[in-house]
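Okay, so here's the structure we're looking at.
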Amino acid sequence: MAVITRKVKGTEDILPGDSYKWQFVEDVMRKEAECFGFKEIRTPVFEHTELFNRGVGETTDVVQKEMYTFDTKGGESITLRPEGTAGAARAYLEHALHNDGLPIKAYYLLTCYRYEKAQAGRQREFHQFGMETYGAADPRADAEMICAANSVFDRLGIDNIRLELNSIGCKNCRKNYTAALKTYFEGYKDQLCETCLSRLDRNPMRILDCKSEICSGIAKNAPTVLEYICSDCSQHFDMVKSYLDAADVKYTVNPTIVRGLDYYTRTVFEFVTDSIGAQGTVCGGGRYDGLIEELGGQPTPSLGFAMGLERLLMVMQAQGIEIPKPETCDMYIAPLGEEAAKKAFVLVKSLREASLIAQTDIVGRALKPQMKYANKIGAKYSIVIGDDDLNANKAVVKKMDTHEQFEVPLDEGFIDKFLEIYISQNHKAVADSFAGE
RNA sequence: GUGGGUAUAGCUUAGUUGGUUAAAGCGCCAGUUUGUGGCACUGGAGACCGUCGGUUCGAAUCCGACUAUCCACCCCA
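Residues 62 to 498 (my numbering) make up the first sequence, in order.
Okay, structure coming up:
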């Protein structure tokens with residue numbers, strides 16, 4: 062096979078037969094975000110590299126080894142976004158959105174790029190849905206954010222997913238905590254795995270995350286963040302939990318959740334599933350009160366989450382959730398001969414003007430294959446137009462599933478007559494479905 | 001970046017201890033007499049068996065390298 066027909070590693074095509082699934086999920090997300098009062102923000106696919114260095118954090122794996130970074134002809138360093146938060150924060154600052162009145166609530170639906178080794182649930186180009194709130198320090202904002210993510214899962218009918226919650230404290234209490242952790246882990250220096258040894262200086266909290274049995278065994282008895290966070294942070298966390306309780310959102314507190322991006326403070330959370338392999342984190346988020354300031358703005362308490370669409374769709378598939386297929390064709394018109402073809406061409410035009418899905422032959426097939434095609438695409442109605450029909454200026458509409466037939470005129474009255482049939486038949490279907498229960 | 005698995009038509013697979021025209025189902029196209037689909041039957045197109053090299057009289061089958069892909073580590077959504 063020629064090279065040109067091969068997609069780049071870690072990328073996926075979404076084909077015509079599958080795109081409805083994505084549209085369905087995206088639609089649920091948009092609607093849910095809008096119910097919570099969030100408006101869509103669209104930011105560029107690429108940004109100045111510096112934005113991610115500062116926003117996501119120099120020490121993170123994402124920045125250190127996973128970014129698609131390149132120099133432009135003008136000599137600027139540009140990076141394809143590895144996540145959505147930094148770009149949204151940049152736009153918030155650049156357009157001084159705080160002047161619109163706080164809080165600012167925005168959601169996004171976009172592609173992200175990370176140079177990682179592809180595996181199940183992990184692509185190099187992937188889709189994220191995320192929500193961001195700026196200018197809300199109150200724990201209710203945290204609870205609202207988590208509720209929003211939770212509602213999306215509910216709306217999609219996903220239930221084999223759990224919410225894990227933690228607080229990693231503010232900058233101050235984190236300082237004390239990391240110091241305590243360092244002291245603790247230094248006692249096990251000879252047993253820790255190599256990566257954890259390197260984490261010891263840079264970011265000892267990440268050792269808690271380690272999946273190696275030895276490290277996680279040691280980590281089990283390590284001091285937990287919650288013992289070290291200051292009373293403000295602790296109160297904040299309690300409030301978040303009490304609001305989640307009030308909203309009947311189930312969670313478990315998991316002190317090992319630390320998140321890999323530097324900007325997080327206080328509340329962090331993940332929605333995790335066991336049904337799609339190793340990459341089970343479907344949604345991750347939390348509070349990042351220092352981010353806007355880090356990017357040069359006024360201190361602005363902020364928070365948000367992102368969820369991966371690929372993983373979400375995998376979960377839905379694993380759980381056997383059926384996504385409704387959209388209608389593909391209301392009317393197929395099968396003409397016989399040149400003159401009829403022209404008539405059909407005009408008729409589908411007027412059907413389309415009435416917002417119906419209409420098709421006619423564009424490949425020159427015989428009648429039988431045309432009917433086969435009409436059947437395959439799920440046409441609800443069909444019309445065959447031949448010389449007799451043209452002469453009589455009328456034709457027969459056939460309802461494909463029941464074979465019922467109706468006569469329609471082939472002149473200006475066509476659309477009205479067909480709409481009348483279409484509507485009455487659909488009402489009948491609805492009535493039948495009620496009677497069947 | 002580290003491991004391990006896999007590689008046969010568009011898809012899912014069969015291919016017996018290496019033996020000559022590589023097989024099936026699904027899908028696709030067409031036909032089963034006159035202007036009508038779903039079912040059934042018949043036929044057709046479609047594979048240099050991932051690539052390159054090696055062993056052999058002979059390789060889809062054995063060996064090696066490469067490439068792709070999958071899974072796991074790592075990381076994260």
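By construction, the Cβ of each residue, glycine as well, lies at the ideal position given by its N, Cα and C atoms.
Identity of the residue in the options nearest residue i by Cα
i: Glu205; options: Ala150, Glu414, Ala307, Val457; result: Ala307
i: Phe97; options: Val213, Gln180, Arg151; result: Val213
i: Met90; options: Gly218, Pro164, Lys68; result: Gly218
i: Gln252; options: Ile275, Tyr304, Ile382; result: Ile275
i: Glu288; options: Asp270, Arg235, Ala339, Leu224; result: Arg235
i: Lys92; options: Asp215, Ala379, Tyr304, Ala339; result: Asp215
i: Thr110; options: Asp88, Lys404, Thr133; result: Thr133
i: Leu305; options: Ile318, Ala209, Lys281, Pro430; result: Ala209
i: Lys455; options: Ala367, Ile222, Leu471, Arg320; result: Leu471
i: Lys446; options: Ile438, Ala405, Lys410, Ser411; result: Reading off the sequence shown, one finds Ile at residue 446, where the question assumed Lys. Here the closest residue by C-alpha is Ala405.
i: Asn510; options: Tyr393, Asp448, Ala367, Arg426; result: The question about residue 510 has no answer, for the chain in this structure spans 62 to 498.
Rounded straight-line distance, which links the Cα of residue j to that of residue i
i: Ile337; j: Lys460; result: 42 Å
i: Leu356; j: Tyr324; result: 11 Å
i: Ile500; j: Pro77; result: Because the chain spans 62 through 498 in this model, residue 500 falls outside it and cannot be assessed.
i: Asp391; j: Ser443; result: 8 Å
i: Ser228; j: Met192; result: 19 Å
i: Thr334; j: Thr104; result: 29 Å
i: Cys231; j: Thr140; result: 29 Å
i: Gly71; j: Thr361; result: 36 Å
i: Gly135; j: Gly347; result: 37 Å
i: His188; j: Met300; result: 32 Å
i: Gly196; j: Val407; result: 56 Å
i: Leu364; j: Asp203; result: 7 Å
i: Gly118; j: Leu112; result: 9 Å
i: Met375; j: Asn315; result: 24 Å
i: Lys44; j: Pro385; result: Since the first residue shown for the chain is 62 and the last is 498, residue 44 is missing from the structure and cannot be characterised.
i: Val469; j: Ala395; result: 15 Å
i: Asp462; j: Leu370; result: 35 Å
i: Arg413; j: Glu101; result: 30 Å
i: Cys257; j: Arg263; result: 10 Å
i: Val64; j: Asp270; result: Per-residue confidence for Val64 stands at a pLDDT of 46, beneath the threshold of 50, marking its modelled position as unreliable; no derived number is given.
Environment of residue i [buried if 16+ CB atoms lie within 10 Å]
i: Pro387; result: exposed
i: Ile165; result: buried
i: Thr244; result: exposed
i: His297; result: buried
i: Glu400; result: exposed
i: Ala240; result: exposed
i: Lys429; result: exposed
i: Gln184; result: buried
i: Phe131; result: exposed
i: Val457; result: exposed
i: Glu161; result: For the record, residue 161 in the displayed sequence is Asp; it is not Glu. It counts as exposed.
i: Thr328; result: buried
i: Asp74; result: exposed
i: Ser80; result: exposed
Whole alpha helix (DSSP H) elements within the stretch 344 to 405, 4-residue minimum: Qualifying alpha helix (DSSP H) stretches, in chain order: 352 to 355, 370 to 379.
Complete runs of the beta strand (DSSP E) confined to the stretch 205 to 245 [at least 3 residues]: If we require 3 residues or more, the beta strand (DSSP E) runs fully inside the stretch 205 to 245 come out as 223 to 228.
The stretch 404 to 420 / the stretch 472 to 486 touching (three or more Cβ pairs under 8 Å): With a cut-off of 8 Å, the stretch 472 to 486 and the stretch 404 to 420 count as touching, because enough Cβ pairs lie within range.
Ordered list of alpha helix (DSSP H) runs contained in the stretch 444 to 470, each at least 4 residues: Taken in chain order, the complete alpha helix (DSSP H) segments of 4 or more residues contained in the stretch 444 to 470 are 448 to 453.
Touch test, the stretch 165 to 178 against the stretch 373 to 385, Cβ-Cβ under 8 Å, three pairs minimum: Verdict: no, contact absent.
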